[in-house]
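**Q** One structure, pasted below without further comment.
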Amino acid sequence: MSRRNLLAAALIAPLLLLVTLSFLVPLGATLYRAVDDSEFSTALPRTTALLRAWDGKALPPDEAFAAIVEELRNAQQNQEAGAVLSRLNFEETGLRSLLLQAARASARLAPPVKDSLIALNPRWGEPELWRMFKRATGPWTSLYLLRSLDMRPTDKGIVHAGPEDAVFLPLFWRTFEISLIVTVICALLAYPVAYTLSILPQGWANAGMMLVLIPFWTSILVRTTAWFIILQREGPINALLMAFDIVNQPLTMIFTRFAVYLAMVHVLLPFAILPLYGVMKGIKPDYMRAAASLGAPGWRRFLRIYLPLTMPGVAAGSLMVFMLSVGFYITPALVGGSGDQMISYFIAFFTNTSVNWGMAAALATLLMAMTALLVIVARLIVPGFRSGNVKV
Numbered sequence: 001m002s003r004r005n006l007l008a009a010a011l012i013a014p015l016l017l018l019v020t021l022s023f024l025v026p027l028g029a030t031l032y033r034a035v036d037d038s039e040f041s042t043a044l045p046r047t048t049a050l051l052r053a054w055d056g057k058a059l060p061p062d063e064a065f066a067a068i069v070e071e072l073r074n075a076q077q078n079q080e081a082g083a084v085l086s087r088l089n090f091e092e093t094g095l096r097s098l099l100l101q102a103a104r105a106s107a108r109l110a111p112p113v114k115d116s117l118i119a120l121n122p123r124w125g126e127p128e129l130w131r132m133f134k135r136a137t138g139p140w141t142s143l144y145l146l147r148s149l150d151m152r153p154t155d156k157g158i159v160h161a162g163p164e165d166a167v168f169l170p171l172f173w174r175t176f177e178i179s180l181i182v183t184v185i186c187a188l189l190a191y192p193v194a195y196t197l198s199i200l201p202q203g204w205a206n207a208g209m210m211l212v213l214i215p216f217w218t219s220i221l222v223r224t225t226a227w228f229i230i231l232q233r234e235g236p237i238n239a240l241l242m243a244f245d246i247v248n249q250p251l252t253m254i255f256t257r258f259a260v261y262l263a264m265v266h267v268l269l270p271f272a273i274l275p276l277y278g279v280m281k282g283i284k285p286d287y288m289r290a291a292a293s294l295g296a297p298g299w300r301r302f303l304r305i306y307l308p309l310t311m312p313g314v315a316a317g318s319l320m321v322f323m324l325s326v327g328f329y330i331t332p333a334l335v336g337g338s339g340d341q342m343i344s345y346f347i348a349f350f351t352n353t354s355v356n357w358g359m360a361a362a363l364a365t366l367l368m369a370m371t372a373l374l375v376i377v378a379r380l381i382v383p384g385f386r387s388g389n390v391k392v
């Protein structure tokens, strides 16, 4: 048994290594970056020590003013100030200019530095500014997670953004709204397709399954680009509608929510069909024949017998479609408008454009948490579908 266990462990080890490197390590790094707040303490270590010892009531001691000016000047000269400037400017717009002004004027500041800094810019005499610096000394922060929920930390506690300033909560709502509608459409379309494939002779069923799998094997980018061309004002659909005098002028279909739904359903439909087909193929026809022999009409046989038996496939397919939908980026970016972008668009924006890894990690963490909650709920619901209490 010991040799068998060692052999089994050796066979499983590559898979465990792959899962660890491709999933667990990136997941841990994302969770860490969402709460990490080490930029200030890394670039300004002496200022960090002084601020952590400060009680936060009046202005900090004179040494803190001298330390922040000296360390800002050194960080600027060594090209190491970018991270801390971006971090503070993200919390309050305008702090980058304030800090750079102090760094450039450091050689002209006469002692005491405290009075010179306040004379340079009155903001340096505000205790609220220094309390913000104290919050930025880390090592952990809730700033990014709160901003992802349209909230921000202040001296008086957590402040909610007004309806006109809220960005990310409506974005999460839009993401889940689009995903839910796409999931419902895929489930409604997949059910008759899977049922037809399950009752066809094996040869025809194989041919039909190939028609499902060929688009499934095609790149998402290729399929989305095809819809981008088809839905253009000068595309084939508008040309066909105008040729048959159905419309007088080309319809605006590209860069709309309709285009997003259409392209996403086309991409994700196979994920709903395959689980349903597997479940339907395993249902014995004896149940339906028994219900028919007892006098149950067709609609009752479907609602009381067939539909409950296929619900595990519906749940599995819907879960897969929904979880894939919430992370869609390419399709809404290509065929959707500015009001159709989902949360992944802003994760990519913070990663590639503004290079704000903390905000990107916070959005990704919240998305993962919501997806995990969905999986837990589905795990609680699906066993009920599998119980199979069939009544006629």
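Position one of the sequence shown corresponds to residue 1 (UniProt numbering), numbered consecutively onward.
No residue lacks a Cβ here, since even glycine has one placed at the ideal position from N, Cα and C.
Keep in mind that this is a model prediction, so the values were computed, not measured.
#1: Using C-beta distances below 7 Å, list every residue in its chain close to Ala-378, excluding the 5 sequence neighbours before and after it, in chain order.
#2: So, is the C-beta of Thr-351 closer than 8 Å to a C-beta in chain D?
#3: So, with DSSP's three-state summary, where would you put Val-335?
#4: Which partner residues does Arg-152 have in the DSSP bridge list?
#5: Take Gly-327 as the anchor and find which of Val-335, Thr-310, Leu-309 and Phe-346 has the nearest alpha-carbon.
#6: Compare the Cα-Cα distances from residue 401 to each of Ala-290, Pro-332, Ser-219 and Arg-123 and report the closest residue.
#7: Name the two residues that bound the continuous alpha helix (DSSP H) containing Gln-321.
#8: Could you check the C-alpha separation between Gln-76 and Glu-39 for me, to the nearest Å?
#9: With distances taken between CB atoms, is the gap from Ile-12 to Leu-44 smaller than 8 Å?
#10: To the nearest angstrom, report how far apart Gly-235 and Gly-339 are at their CA atoms.
#11: Got a sec? Which residues, its chain only, sit under 8 Å from Ile-181 by beta carbon, not counting five neighbours each side?
#12: Would you kindly report the start and end of the unbroken alpha helix (DSSP H) that includes Arg-3?
#13: Should Gly-282 be labelled buried (16 or more other beta-carbon atoms within 10 Å of its own) or exposed?
#14: Taking the straight line between their C-alpha atoms, what separation do you get for Gly-162 and Pro-153?
#15: Please state the DSSP three-state secondary structure of Trp-54.
#16: Consult DSSP for Asp-36 and reduce its assignment to one of helix, strand or coil.
#17: With H, G and I counted as helix, E and B as strand and the rest as coil, what does DSSP make of Trp-217?
#18: With a threshold of 8 Å, are at least 3 pairs of Cβ atoms found where one atom belongs to the stretch 7-26 and the other to the stretch 98-107?
#19: Do Arg-4 and Trp-357 have their CB atoms nearer than 8 Å?
#20: In angstroms with no decimal places, state the Cα-to-Cα distance between Gln-249 and Glu-91.
#21: Can you tell me which residues form a DSSP beta bridge with Trp-140?
#22: For Phe-228, which residues from the same chain have a beta carbon less than 7 Å from its beta carbon, with the 5 sequence-adjacent residues on both sides left out?
#23: Measuring only the C-alpha atoms, how far is Trp-299 from Leu-251?
#24: In terms of alpha-carbon separation, which member of Ala-119, Glu-128 and Asn-121 lies closest to Asp-55?
#25: Is Ile-158 near Leu-145, with beta carbons less than 8 Å apart?
#26: Please name the residue in Asp-150, Pro-308, Asn-78 and Pro-270 whose C-alpha comes closest to that of Tyr-287.
#27: If you run the structure through DSSP and keep just helix, strand and coil, what is Gly-82?
#28: Can you list, in chain order, the residues of its chain whose CB lies under 6 Å from that of Ala-110, leaving out five sequence neighbours each side?
#29: Just verifying my parser: in three-state terms, what is the DSSP assignment at Leu-129?
**A** The structure says:
#1: Excluding positions up to five away in sequence, the list reads Ala-315 and Leu-319.
#2: Note that chain D does not occur in the displayed structure, where there is just one protein chain.
#3: Residue state, collapsed to three classes: helix.
#4: Its beta-bridge partners are Val-159.
#5: Per the Cα distances, Phe-346.
#6: Coverage of the chain is limited to positions 1 through 392, which leaves residue 401 absent and any answer about it impossible.
#7: Rather than Gln, the amino acid found at residue 321 in this sequence is Val. Here the alpha helix (DSSP H) through Val-321 covers 307-325.
#8: Their backbone Cα atoms lie some 14 Å apart in a straight line.
#9: The answer is no: Cβ separation not under 8 Å.
#10: When rounded, the distance between both Cα atoms is 23 Å.
#11: Same-chain partners within the cutoff: Tyr-261.
#12: Note, Arg-3: alpha helix (DSSP H), 2-19.
#13: Classification for Gly-282: exposed.
#14: C-alpha separation (whole angstroms): 14 Å.
#15: Assigned with DSSP and collapsed to three states, Trp-54 falls in coil, not helix or strand.
#16: Strand, per DSSP.
#17: Assignment of Trp-217 by DSSP, reduced to helix, strand and coil, places it in the helix class.
#18: No: the two stretches stay apart, fewer than three of their Cβ pairs being nearer than 8 Å.
#19: It is not a contact, given that the beta carbons lie outside the stated cut-off.
#20: So the alpha carbons of these two residues sit roughly 49 Å apart.
#21: According to DSSP, which records beta bridges pairwise, Trp-140 is partnered with Asp-36.
#22: Excluding sequence positions up to five before and after Phe-228, its CB lies within less than 7 Å of the CB of Ile-254, Leu-334 and Val-335, all in the same chain and listed in chain order.
#23: Taking the straight line joining both Cα atoms gives about 40 Å.
#24: In terms of Cα proximity to Asp-55, the closest of Ala-119, Glu-128 and Asn-121 is Glu-128.
#25: Against a cut-off of 8 Å, the Cβ pair of Leu-145 and Ile-158 comes out as no contact.
#26: Checked all of Asp-150, Pro-308, Asn-78 and Pro-270; the closest Cα to Tyr-287 is Pro-308.
#27: In the three-state scheme derived from DSSP, where H, G and I count as helix and E and B as strand, Gly-82 is classed as helix.
#28: For Ala-110, where only same-chain residues beyond five positions count, the Cβ hits under 6 Å are Ser-116.
#29: If DSSP states are grouped into helix, strand and coil, Leu-129 belongs with the helices.
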